[in-house]
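Before any comments, here is the structure.
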Amino acid sequence: MRPSLPVCGGPSSRAWLTRQFNDPYVKARLTQSPSALSPATRFRSRSAFKLVEMDAHYKLIHPGRTKTVIDLGAAPGGWSQVVSAKLGGFRNLGLERDERDEKKALDGSGWGIASPGHPSTELWSSSEPSIKTEDEDTPDVSQTKPTIIALDLLRILPIPGVQTLQTDFLLPAAEPLILGLLPDYQTKADLILCDMAANSSGNPTRDTEASYTIAQSVFDFATRHLKTCAPGAADGGSLVMKYFVSPSTHAFRNTHLKKSFRHVYHVKPDSSRSESNEAFWVCKYFLGAPRSPKKTEGGSPSSPQPEMSRKGKRLSSPPKLPIPTD
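Oh and the sequence shown: position 12 is 15 in my numbering, straight run, nothing missing.
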C-alpha cells in the first residue's frame, strides 16, 4: 500500500498541510459560500475570496451596469464564479456536473473554444443564445444579460453565465474570438480581471521579471479592450490585476497605470497570505493608453521616484485592505 502524503512527505509537505487545514479561507471554501453571494455554492478556489473582498470595498461589479467582464488566466474559475453570482444570481456556479460532463473534462472536449490546432472547437455557454429579429434595432441595454468571458490555457469546467476560451490571450488569434463573443451594443469591457502568476522558478530575480512581463501583457490587453471614460464622465472600465511587489512593478504603476486610470489602488486583501509577496492593483475609470514617456536631456525616459509615506519612509508593500463590516 502506498503511504499517504503526510507519511511520505517531508517537513515542508507537512507544514503545507497544516497551513491548509488551519486556513480559515480554505475551510470556508470547502464548507460554505461567503456572504450572500450564493448560499448553495462553494467556490473552486481560495482566491475567489480576494475578489469578494476587493469588490466589497471598491464596488467593481455592479448588477445592471456591469455588462461585459473578461477574466484572464481564469482557471479553475473562482473569480468568474464570483462575477457570475453577482451579475447573474446563479445558485449553482458550476460545481455540480453529471457523468457526461466528467467525461468531457477528462477527454478535453467541449470546454470552450480552444487555440488553433486543439481538437476542441466548441464554445460552451450556459446562458440562452440571443436571437436577433429582423425588426430589432438598438437593444435595451438595461434588459440584456451580462457577457462574462473567461480565458486560460487550461480547460475551465462550465460556469453558468460564463463563456470560456481555451487559448493564450496574447495570441493574435485570440482577438477575433474575444470580439466574436462581445455584444454588438458594447464592444469594450467594463471590467477586466487577472489573477495570473507565473510558475515559481525559485530564482527571485527571474520570478520578478516574469511578474513584470505578465503585468505589461495584461495592461496592453486592457488598453485594447477596456471601455474608455467619456469626457467629464465616470463611466470608464476598471482593471484588477495581480502583481508581486518589486521596484520594477512599482515603476510600472507610475509610468503606465497612473497615467491611464483616474484612480489606482494597490491592495493586499486579508485573504491574501501574509507571507506572500503578492498584491493587487485596482484601477478605476480608464482614460486611455498613456502617451510615450518624456525623455530627459540625456535621451532616456525619466525614472519615477519611489513612493513615500507621509512620514517620508518608503513603502515596501501595499497596505492591508480595510473591508467594511456592514
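Heads up, the beta-carbon is just placed ideally off N, CA and C, and yes, glycines get one too.
Fair warning: this is a prediction, and the values are worked out from it, not measured in the lab.
Extent of the continuous beta strand (DSSP E) to which K245 belongs:
For this step, residue 245 is matched to residue 242 along the sequence shown. Membership of K245 in the beta strand (DSSP E) is indicated by the continuous run 241-247.
How is the beta strand (DSSP E) around T150 delimited, first residue to last?
Here residue 150 refers to the residue found at position 147 when the sequence shown is read from its first residue. Boundaries of the beta strand (DSSP E) around T150: 150-155.
Let's see if you can read the secondary structure: which residues bound the beta strand (DSSP E) around A282?
In the sequence shown, residue 282 corresponds to position 279, counting from 1. Residues 281-289.
Hey, V55 and L196: beta-carbon distance below 9 Å or not?
Start at 1 with the first residue of the sequence shown, and residue 55 comes out as number 52. Start at 1 with the first residue of the sequence shown, and residue 196 comes out as number 193. Not closer than 9 Å, so no.
For the pair the region 147-165 and the region 179-191, tell me if three or more CB-CB distances fall below 8 Å.
Yes, the region 147-165 is in contact with the region 179-191.
Cβ contact check for the region 202-210 and the region 81-90: 3 or more pairs under 8 Å:
The region 202-210 is not in contact with the region 81-90.
Buried or exposed, going by whether 16 or more other CB atoms sit within 10 Å of the CB of S203?
As a position in the sequence shown, residue 203 is number 200, starting the count at 1. Label assigned to S203: exposed.
Buried or exposed: K148, going by 16 or more other Cβ atoms within 10 Å of its Cβ?
Here residue 148 refers to the residue found at position 145 when the sequence shown is read from its first residue. It is exposed - the Cβ of K148 has fewer than 16 other Cβ atoms within 10 Å.
Using only CA atoms, which one of A176, F46, W284, P161 lies nearest to V221?
By 1-based counting over the sequence shown, the position of residue 221 is 218. Comparing alpha-carbon positions, the option among A176, F46, W284, P161 lying closest to V221 turns out to be W284.
Cβ-Cβ separation, K191 to K230 (assumed contact under 8 Å), whole Å:
Locating residue 230 in the sequence shown gives position 227, counting from the first residue. Locating residue 191 in the sequence shown gives position 188, counting from the first residue. The distance from the Cβ of K230 to that of K191 is about 4 Å, consistent with a contact at the 8 Å cut-off.
Within 8 Å, do at least three Cβ pairs link the region 74-83 to the region 157-168?
Yes, the region 157-168 touches the region 74-83.
From C232 to P79, what distance separates their C-alpha atoms?
On the sequence shown, residue 232 is found 229 positions in, with the first residue counted as 1. On the sequence shown, residue 79 is found 76 positions in, with the first residue counted as 1. Taking the straight line joining both Cα atoms gives about 32 Å.
Helix, strand or coil, according to DSSP, for D210 in the structure here?
Reading the sequence shown from its first residue, position 207 is the one you call residue 210. Note: D210 maps to helix in three-state DSSP.
Buried versus exposed, by CB contacts within 10 Å (16 or more), A51
Here residue 51 is taken as the residue at index 48 of the sequence shown, counted from 1. With a 10 Å radius around the Cβ and a threshold of 16 neighbouring Cβ atoms, A51 comes out buried.
Look up H269 in the DSSP assignment and say whether it is helix, strand or coil.
In the sequence shown, counting from the first residue as 1, residue 269 sits at position 266. Here H269 carries a strand assignment [DSSP, helix/strand/coil].
Bounding residues of the beta strand (DSSP E) (the contiguous stretch that carries Q166)
Position 163 of the sequence shown, counted from the start, is the residue given in the question as residue 166. Residues 165-169.
Taking Y61 as the reference, give the member of K245, V270, S277 with the closest Cα.
The count along the sequence shown starts at 1 and reaches residue 61 at position 58. Selected option, being the one with the closest Cα: V270.
Are there 16 or more other CB atoms within 10 angstroms of the CB of S214, so buried, or fewer, so exposed?
The count along the sequence shown starts at 1 and reaches residue 214 at position 211. Taking all protein chains shown into account, S214 has 16 or more neighbouring C-beta atoms within 10 Å of its C-beta and is therefore buried.
Under the assumption that L242 contacts T69 (Cβ atoms under 8 Å), give the Cβ distance between them as a whole number of angstroms.
Translated into positions along the sequence shown, residue 242 becomes position 239. Translated into positions along the sequence shown, residue 69 becomes position 66. L242 to T69, Cβ: 13 Å. No contact.
Identify whether F46 lies in helix, strand or coil by the three-state DSSP scheme.
As a first step, residue 46 is located in the sequence shown; it is residue number 43 there, counting from the start. F46 falls in the coil class under three-state DSSP.
May I ask you to list the residues that DSSP assigns as paired with V72?
Within the sequence shown, numbered from 1, the residue matching residue 72 stands at position 69. According to DSSP, which records beta bridges pairwise, V72 is partnered with I151, L194.
Can you name the start and end residues of the alpha helix (DSSP H) that P250 belongs to?
Position 247 of the sequence shown, counting from 1, holds the residue named residue 250. For P250, the uninterrupted alpha helix (DSSP H) segment begins and ends at 250-255.
Whole angstroms are fine: how far does the CA of A218 sit from the CA of A201?
Translated into the one-based positions of the sequence shown, residue 201 becomes position 198. Translated into the one-based positions of the sequence shown, residue 218 becomes position 215. Taken atom to atom, the span from the alpha-carbon of A201 to that of A218 is near 11 Å.
Would you give the residue range spanned by the alpha helix (DSSP H) that Q84 belongs to?
Taking the first residue of the sequence shown as position 1, residue 84 is located at position 81. Note, Q84: alpha helix (DSSP H), 81-91.
Between the CA atoms of R294 and F46 - distance to the nearest angstrom:
Taking the sequence shown and counting its residues from 1, one reaches residue 46 at position 43. Taking the sequence shown and counting its residues from 1, one reaches residue 294 at position 291. Between the C-alpha atoms of F46 and R294 there is a straight-line separation of about 40 Å.
Please report how far the alpha carbon of Q189 lies from the alpha carbon of S279, in whole angstroms.
The sequence position of residue 189 within the sequence shown is 186, counting from 1. The sequence position of residue 279 within the sequence shown is 276, counting from 1. The C-alpha of S279 is placed about 37 Å away from the C-alpha of Q189.
Would the beta-carbon of S249 fall within 9 Å of that of K53?
On the sequence shown, position 246 is the one that residue 249 refers to. On the sequence shown, position 50 is the one that residue 53 refers to. With respect to K53, S249 sits apart: the two C-beta atoms are not nearer than 9 Å.
Is it right to say G81 is buried, meaning 16 or more other beta carbons lie within 10 angstroms of its own, or is it exposed?
Counting from one through the sequence shown, the residue named residue 81 turns up at place 78. G81 sits buried, since 16 or more C-beta atoms from the chains shown fall within 10 Å of its C-beta.
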